[in-house]
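One structure is given below, encoded as structure tokens.
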Amino acid sequence: MAVLPQFFLDQDFKEHTEIWLDEDTAKHIVQVLRMQPGEQVQLTNGKGFTAVTTIKETAKKKCSVTLDAVTFHEQKQSALHLCVAFTKNTSRNEWLLEKATELGVRSITPLMATRTEREHIRYDRWRNILVAAIMQSQQYYLPVLNEASTIDKVLKQYGHVSQKFIAHCIAAQQRQPLSEVLKPGLETLVLIGPEGDFTEDEVNLCMGHGFVAVSMGAQRLRTETAAMTACAYFNLVNHL
Numbered sequence: 154m155a156v157l158p159q160f161f162l163d164q165d166f167k168e169h170t171e172i173w174l175d176e177d178t179a180k181h182i183v184q185v186l187r188m189q190p191g192e193q194v195q196l197t198n199g200k201g202f203t204a205v206t207t208i209k210e211t212a213k214k215k216c217s218v219t220l221d222a223v224t225f226h227e228q229k230q231s232a233l234h235l236c237v238a239f240t241k242n243t244s245r246n247e248w249l250l251e252k253a254t255e256l257g258v259r260s261i262t263p264l265m266a267t268r269t270e271r272e273h274i275r276y277d278r279w280r281n282i283l284v285a286a287i288m289q290s291q292q293y294y295l296p297v298l299n300e301a302s303t304i305d306k307v308l309k310q311y312g313h314v315s316q317k318f319i320a321h322c323i324a325a326q327q328r329q330p331l332s333e334v335l336k337p338g339l340e341t342l343v344l345i346g347p348e349g350d351f352t353e354d355e356v357n358l359c360m361g362h363g364f365v366a367v368s369m370g371a372q373r374l375r376t377e378t379a380a381m382t383a384c385a386y387f388n389l390v391n392h393l
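One rule links them: number in my numbering = place in the sequence shown (from 1) + 153.
This is the structure we're talking about:
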């Protein structure tokens with residue numbers, strides 16, 4: 154069976170109802186894909202629901218569909234929460250957002266550590282990147298993009314998580330390879346520091362709250378590479 158083109162629509166789905174799609178989606182269906190009434194597309198709302206729909210009416214910038222069948226997809230128990238001290242480099246940050254989403258990250262939190270460089274977050278643009286990434290990777294859940302948070306706030310928000318790691322490069326502090334200590338099937342939190350790394354006080358604070366200090370390998374990695382490595386390890390261990 155052919156895979157239907159998939160599009161994002163941020164609303165609840167109800168079977169056997171007719172809806173008009175937003176202009177950008179409609180233009181892509183009508184002008185780029187040149188689809189006609191009677192053809193089918195799939196919608197997802199990023200909350201686990203998909204809807205197989207039939208195109209009912211098209212115009213230059215308009216397209217209506219009928220929701221034929223709505224399906225709910227259960228979310229996996231294993232979940233990766235990624236807290237990253239983003240850099241000033243916009244393209245590298247956006248690359249990370251895209252690839253982390255493709256690998257199934259559950260939430261992303263811009264981390265305001267002592268040495269964090271980026272303080273301004275373009276949430277609308279970043280959310281659009283996440284939406285495009287779940288479309289590309291044919292996923293049903295949009296990662297939660299949290300507001301920028303300090304380490305103290307992260308400790309409170311994710312205190313319930315059973316598996317917590319902080320990655321750093323402080324040679325005087327003991328670390329374990331993430332690939333050896335990451336266990337499958339568990340909700341997991343990983344903190345990735347800024348290019349100047351976490352301070353010793355920040356590492357000690359997290360370890361006092363049950364975090365395990367980890368390394369990503371022998372090489373010293375850029376912030377986005379370290380975050381990508383964590384996503385890849387998690388994805389591999391959990392066979393996502």
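Note that CB positions come from ideal geometry on N, CA and C, so glycine has one too.
Note that the structure is predicted; figures quoted are calculated from it, not measured.
query: How would you write the range of the beta strand (DSSP E) that Asp165 sits in, first residue to last?; result: Unbroken run through Asp165: none, as it is neither H nor E.
query: Where in the stretch 225-272 do unbroken runs of the alpha helix (DSSP H), each at least 4 residues long, occur, reported from the N-terminal end onward?; result: 243-255
query: Determine the closest residue to Asn357 out of His321, Leu264 and Lys167, with distance taken between C-alpha atoms.; result: His321
query: Note the first and the last residue of the continuous alpha helix (DSSP H) segment covering Ala120.; result: This structure does not reach residue 120, given that the chain is present from 154 up to 393, and the question cannot be answered.
query: When you compare each of Arg328, Ser217, Gln164 and Asn281 to Ala179 by their alpha carbons, which one comes out closest?; result: Ser217
query: Under 8 Å Cβ to Cβ from Asp165, same chain only, skipping five residues before and after it: list those, please.; result: Asn198 and Phe202
query: Would you check if the stretch 311-329 and the stretch 287-295 touch, i.e. whether three or more CB-CB distances between them fall below 8 Å?; result: no
query: Out of Thr170, Val314 and Trp279, which has the shortest C-alpha to C-alpha gap to Arg245?; result: Trp279
query: Measuring alpha carbon to alpha carbon, tell me which of Gln316, Thr269, Leu235 and Gln372 ends up nearest Lys241.; result: Thr269
query: Would you kindly report the start and end of the unbroken alpha helix (DSSP H) that includes Ala179?; result: Glu176 to Lys180
query: Which whole-angstrom value is the C-beta distance of Leu235 and Cys359, which I expect to be below 8 Å?; result: That belief does not hold up - the Cβ atoms of Leu235 and Cys359 are roughly 15 Å apart, past 8 Å.
query: Where do the ends of the alpha helix (DSSP H) carrying Lys306 lie?; result: Ile304 to Gln310
query: Checking 9 Å against the spacing of the C-beta atoms, do Lys317 and His362 come in under that value?; result: yes
query: For Val237, which of Lys209, Thr262 and Glu168 has the nearest alpha-carbon?; result: Thr262
query: What residues in its chain sit with their C-beta under 7 Å from that of Phe364, if we drop five residues either side in the sequence?; result: Lys317, Phe318 and Ile319
query: Just how far apart, CA to CA, sit Val284 and Gln184?; result: 21 Å
query: Using 9 Å as the threshold, is the C-beta distance between Ile182 and Ile208 below it?; result: yes
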